[in-house]
Structure formats: C-alpha cells, structure tokens
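Worksheet for the structure shown next.
Numbering (mature numbering (1 follows the signal peptide of the UniProt record, and there is no 0)), first residue to last: -26 to -1, 1 to 556.
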C-alpha cells in the first residue's frame, strides 16, 4: 500500500507510452460484500483472499442499533447459523471474517457498516465509548474536538473501532500503556448466544476488572459480537516528528535504545540501500507552534493511471528477472521519500523538520479513503489493476530481534540486490509495542516487523527472489518464534502458534464459556486455533499455503525447486535455478 506516483509518471511514458484517462470520478473503496439473488460474496480490501477462493455467504444483515445487533445474534442462535462480523472496509488479509458451512446455507454475516452513530465522551474520567462500527478517523476527530487525545492508533485509519481491537492493531510505543490499541480498552459490550428464556442472545458488559476483558479485547471475533468499546483518553497534546535517513550500520544494536528514547519511535530499514530511517517522535505542549500533519505517501490518493502503470512495470521487471531494474526503482523511491519526509507536512507541503501537529493529525492517516480528486483511488483498489502484494508482519520478543536483524544482514550481504523488491515498497518497518495482559496479545515487550512484496496475478506464477522472502519469513516465525499479526500474513505464519501464547488455554476456556456451540468459528480460525494444518498440494508453497518439502510444492516446471535456506539452513524455500530444464 505504498505510493509511486512521483516516479511512475516518467517511468510510464518511458516504458508504456501515453494512456488515455477514462475515469471521471474518484474511486472510493468498494464495499466488502456484494450480493445478488444467489447470496453474498465477502471480499477483503485487496479483492483476493490468501487461498484465492471466494467466501460465499447466504445472507447479510445491517443492524443500526445495539438491540438490532442483539436480535441478529439471537436469530442466528435460534436457527443454528454460523456468524461472522464484517466492518466497512474489511482489511484483514486472512479469512477471519469468513464463516463455516457457507456453501450449505447455514451461515450469515453481520455488518457494522450502519452501526456507527454513537460516540460518547466522558471528559471527567478521560474515556470515550463508541459503537463498534464507528470509523477510527471519526472517533479521533470527535475526541480531539473535546480537547482530548487518543494515544494509540495503527498507521492506517481505514478500520472500525471493533475491528481495530479484535485483531490486535497497533501503532508504535513502549511508553505508558504502549502502542497497541487493545491495551487502552477499559471496557466493552459483547453480544453472545443465550438460552431461549433470555431471548437467544444477551449483552454482557465487561469492565476493566473483569477477567473476561483479557479474552474479549483481542478476540478475533470468535467470542461474540462486540457492540461498544470504551477506551482511555488523555488531555490533548501535540507531537514533534523528524526523520533521520542514515547508514544502517549497528541498527541491530541501536533499535532498542531508540524505542525507549522516543515515545512514538519507529525505524524503517531499506536493506538493499544500506539505509535506516529513525523516526524521532515525541509529544510536546499544545502551546508549541505548528499545525502539521502526517499524510503517509502510501495512503494518499493515487492516480489510477499511475497505479496501473506501477503494477505493469513491476510485472515487466518480474517476468524479465530484472533485479537491476528493481534496484533503480528502490534508489529513486528512497530518495524521494527523504525529499518529502514520507508525507509529513508543515502545512500544505513539507518545508522542514521538525513537523509539529496535533495528535489527531499525526498518529494515523488514510486520505485516499476520502478523496474527491478526479481519477484517483487507493493504490491497491482491486477494481483498477493496481498494486497487488503480500504483507508479512511478525511480532518478536524484543530481546531476540537484534539477532534476527543480524541474520537478515547476513542474507542481504550475500547479494544485496535481491532485497531491492522490498525496498520498492516500504522496506522493513520496525515498531514497538509493550507487554499485554490480553490472552492473544504480546506477552512481553515486543518489536513488530512489517514488510510488503510483489504478488503474482496467478497463484502458479513464482516470484523473483521468492526464496529470499520465504527465508526471512521462516526465520522470523520459526527460528526466532515471532508471533503473527492476526489480520495480516500468509497462512504459514500461523503454524504452531498455540505454543507462542502463554494464556492460549485461557482464551479457549473463555470461548467455550461464551460460545459453547462454536457459532463464531470459521474454517480458517479453526485451522489456526486448533492446530489444523491444510493439506499440501502442488504449488502450495508459492503463496505461503504451506512450507515446501518436495519440489512439486514449488514450480519445478518453471525452474523453482525446494531447497534449504542460505543462512537459516532449516528453512525450506522455493529457489530458482537457471540451469534447470524449463
């Protein structure tokens, strides 16, 4: 989800020639559910699930009040239906929101799209309570208008209040309560199945001291339907932000001190460019001069032509195995991000560091969601043939992350140009989150690593440097025991995760208590929660559906064979061999 419009205008003309604009209006994100007489199909925001199979559901309902939400759960319970909840934009990459038995007509979706009218500020007690369907941007703006600030938020604002806590979404901070939004939850309402005498569904109110809160605030939608969320607030404040683009020497030794020194620190690492970008980000008094904002490049409105050109250019480089072409793009990309401060603006544009602005304008972004500019969209909108990529997000115990970085450097140093593909996107984004009491949260102070990389249009098409990203991925999750972000990642990241959470059994006990008939379970959630691994098939490793153990799990006909890792020898990756018969 990263912008290339500054680069691809010229690249487009050089490679493809002119394209005639045919769009006449801004492309706002499509709704995630499309229905017809035969039923409904649920999509994520990328238009394709990890397994590339559609999610078909017989019906969907759109409650507007908490009572209507309760009645929807009651109907499902009374009629033995499986239930999943979907929000306005549906940004989970895995199939969290796809229910069981959809093909047999025994399931339904509940959308919180229209359940978004209530935001109640309790200024005296520094708290806000909102309907689960309220958008994050609407919540932040209302809180700021009351002279208060919400401290944590993910960098992407296209999420709902219920969704952002259910999946463990986070910003970056080791200070205070930390950077994960769920660790600022001080209460919530949950609608769960009930006996006939109770109307088949009931609302339970879970307070700050209720042991169930640790299960419910990161629940993956598997305990019931969240109807209201109560979050802690602080008096309004501003932030001061500056980026330091520098050499990546000693990043493995520096990252921890950096995370401790700055309240909202992060680091972006471009390994092929030997560049680390340290974010110096801390709060300042409201009286501090400045009215800046963070309008992240990748979340700004993109020209539809440029998004299509970006994708076409990547495909051309992939098919030609043109590593040097990718490195040229990476160099230009990193240089431009330095020039424009990655979307920081002192006013209308970036004029210099530091950029000072109100918390509500500095903590999260997503201007492509609200653009009225002609012929623009979010760059990954599936309708336009734009960016299409994987996203891997691993959550490391802080004390292990330095050794992981050292291993990645060893792999990088074997052939640095093999890492250019990730640097075209946003390199490796490194963030910080504190230890959490949530059963499915991080059990110790942690470091989160995000990286994006090219995904082929066809699932049987291998990728350039496929083995590199598979080795980094397996190194993270298996050698260093990283936990997966619940709303991201390819399927292999979720293997054997039960042993990574000390309170996993407590979550399962809460699920048995609140959802004894497994009404809120789905095929994908059963696979990850109960250790069920999908069967291996031809080509299954190409998209992370399995880890290869035989050549057939890669694409031997196209020259990709199952080999051991270069640095992490226990890894099994699909590597290209130019000498193999094709």
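Cβ atoms here follow ideal geometry from the backbone N, Cα and C, with glycine treated the same way. Given the structure is predicted, the values throughout are model-derived calculations rather than measurements.
Distance, residue j Cα to residue i Cα
i           : j           : result
residue 59  : residue 45  : 14 Å
residue 196 : residue 485 : 7 Å
residue -4  : residue 52  : With a pLDDT of only 39 at residue -4, under the threshold of 50, the placement of this residue in the model should not be trusted; the figure read from the coordinates follows. Cα to Cα, residue -4 sits roughly 47 Å from residue 52.
residue 206 : residue 124 : 7 Å
residue -11 : residue 288 : Confidence at residue -11 is low in this model, with a pLDDT of 34, below 50, so its placement is unreliable and no value can be given for it.
residue 194 : residue 70  : 7 Å
residue 319 : residue 253 : 15 Å
residue 617 : residue 351 : This structure leaves residue 617 out entirely; the chain is present only between -26 and 556.
residue 552 : residue 13  : 47 Å
residue 257 : residue 535 : 51 Å
residue 566 : residue 399 : Limits of the chain in this structure are -26 at one end and 556 at the other, which puts residue 566 out of reach.
residue -18 : residue 278 : At residue -18 the pLDDT is 40, less than 50, meaning the model places this residue with poor confidence; the figure from the coordinates comes in the next sentence. Each residue's Cα considered, the two are about 11 Å apart.
residue 269 : residue 170 : 50 Å
residue 215 : residue 513 : 45 Å
residue 494 : residue 198 : 7 Å
residue 393 : residue 246 : 5 Å
residue 244 : residue 391 : 11 Å
residue 353 : residue 299 : 21 Å
residue 81  : residue 166 : 16 Å
residue 418 : residue 478 : 14 Å
residue 361 : residue 303 : 15 Å
residue 96  : residue 202 : 14 Å
residue 510 : residue 372 : 33 Å
residue 308 : residue 186 : 45 Å
residue 17  : residue 8   : 8 Å
residue 397 : residue 251 : 12 Å
residue 131 : residue 274 : 12 Å
residue 431 : residue 209 : 48 Å
residue 433 : residue 98  : 54 Å
residue 368 : residue 111 : 26 Å
residue 6   : residue 87  : 10 Å
residue 501 : residue 520 : 13 Å
residue -2  : residue 102 : Confidence at residue -2 is low in this model, with a pLDDT of 49, below 50, so the placement of that residue is unreliable and no value is reported for it.
Any non-hydrogen atom of the ligand FMN closer than 7 Å to residue i Cβ
i          : result
residue 13 : Annotation note on the ligand FMN: not contained in the displayed structure, which lists no ligands.
Among the options, nearest to residue i - alpha-carbon criterion
i           : options               : result
residue 331 : 286, 255 and 347      : 255
residue 249 : 222, 416, 523 and 460 : 222
residue 162 : 106, 236 and 414      : 106
residue 61  : 421, 258 and 3        : 3
residue 428 : 363, 501, 33 and 372  : 363
residue 378 : 456, 501 and 433      : 456
residue 374 : 509, 449 and 359      : 449
residue 542 : 503, 386, 97 and 510  : 386
residue 224 : 466, 236, 383 and 491 : 383
residue 311 : 300, 401 and 349      : 401
residue 425 : 237, 459, 139 and 477 : 459
residue 148 : 236, 102, 176 and 434 : 236
residue 135 : 354, 117 and 104      : 104
residue 21  : 64, 10, 34 and 39     : 64
residue 176 : 34, 24, 42 and 187    : 42
residue 24  : 483, 474, 465 and 550 : 465
residue 366 : 452, 462 and 348      : 462
residue 492 : 40, 73, 29 and 96     : 73
residue 523 : 503, 499 and 549      : 549
residue 122 : 439, 100 and 482      : 100
residue 272 : 314, 302 and 296      : 314
residue 376 : 421, 340, 416 and 174 : 421
residue 338 : 296, 153 and 468      : 153
residue 441 : 490, 68 and 518       : 518
residue 218 : 184, 141 and 316      : 316
residue 40  : 242, 343, 84 and 109  : 84
Supposed close pair residue i, residue j - CB separation, criterion 8 Å
i           : j           : result
residue 127 : residue 145 : 5 Å
residue 388 : residue 540 : 6 Å
residue 370 : residue 475 : Not really, about 14 Å apart at Cβ, beyond 8 Å.
residue 138 : residue 414 : With a Cβ gap of about 14 Å, residue 138 and residue 414 do not count as contacting.
residue 189 : residue 481 : 5 Å
residue 174 : residue 48  : 4 Å
Proximity test, Cβ basis, 8 Å: residue i and chain D
i           : result
residue 439 : The structure shown contains no chain D, having only a single protein chain.
Check whether the region 402 to 419 and the region 149 to 161 are in contact - that is, three or more C-beta pairs closer than 8 Å. In the pairwise beta carbon analysis, the region 402 to 419 is classified as touching the region 149 to 161: at least three pairs are separated by under 8 Å.
Would you say the region 221 to 230 touches the region 278 to 294, given that touching needs at least three Cβ pairs under 8 Å? The region 221 to 230, when compared against the region 278 to 294, does not touch it at the 8 Å Cβ threshold.
Can you give, in chain order, each stretch of the alpha helix (DSSP H) that sits fully within the region 16 to 72 and has at least 4 residues? Secondary structure remark: continuous alpha helix (DSSP H) runs of at least 4 residues inside the region 16 to 72, in chain order: 40 to 52.
Any chance the region 91 to 104 sits against the region 517 to 529, with 3 or more Cβ pairs inside 8 Å? Note that the region 91 to 104 does not touch the region 517 to 529; fewer than 3 beta-carbon pairs, one per stretch, sit closer than 8 Å.
Length-filtered (3 minimum) beta strand (DSSP E) runs lying within the region 364 to 427: For the region 364 to 427, whole beta strand (DSSP E) runs of length 3 or above, ordered along the chain, are 402 to 407.
Sequence ranges, beta strand (DSSP E) only - wholly within the region 97 to 164, length at least 3: Counting only runs of 3+ residues, the beta strand (DSSP E) found wholly inside the region 97 to 164 occupies 101 to 105, in chain order.
Which ranges would you report for the beta strand (DSSP E) in the region 187 to 250 if only whole runs of at least 3 residues count? Counting whole runs of 3 or more residues, the region 187 to 250 contains the beta strand (DSSP E) stretches 199 to 206, 212 to 221 and 240 to 244.
Hey, is the region 27 to 42 in contact with the region 325 to 340, meaning 3+ C-beta pairs nearer than 8 Å? No, because fewer than three Cβ pairs between the region 27 to 42 and the region 325 to 340 fall closer than 8 Å, the two stretches do not touch.
Where in the region 311 to 361 do unbroken runs of the alpha helix (DSSP H), each at least 4 residues long, occur, reported from the N-terminal end onward? Segments of the alpha helix (DSSP H) lying fully in the region 311 to 361: 333 to 336.
Alpha helix (DSSP H) runs contained entirely in the region 418 to 492, provided each spans 4 or more residues: Fully contained in the region 418 to 492 are the following alpha helix (DSSP H) runs of length 4 or more, in chain order: 440 to 448 and 478 to 488.
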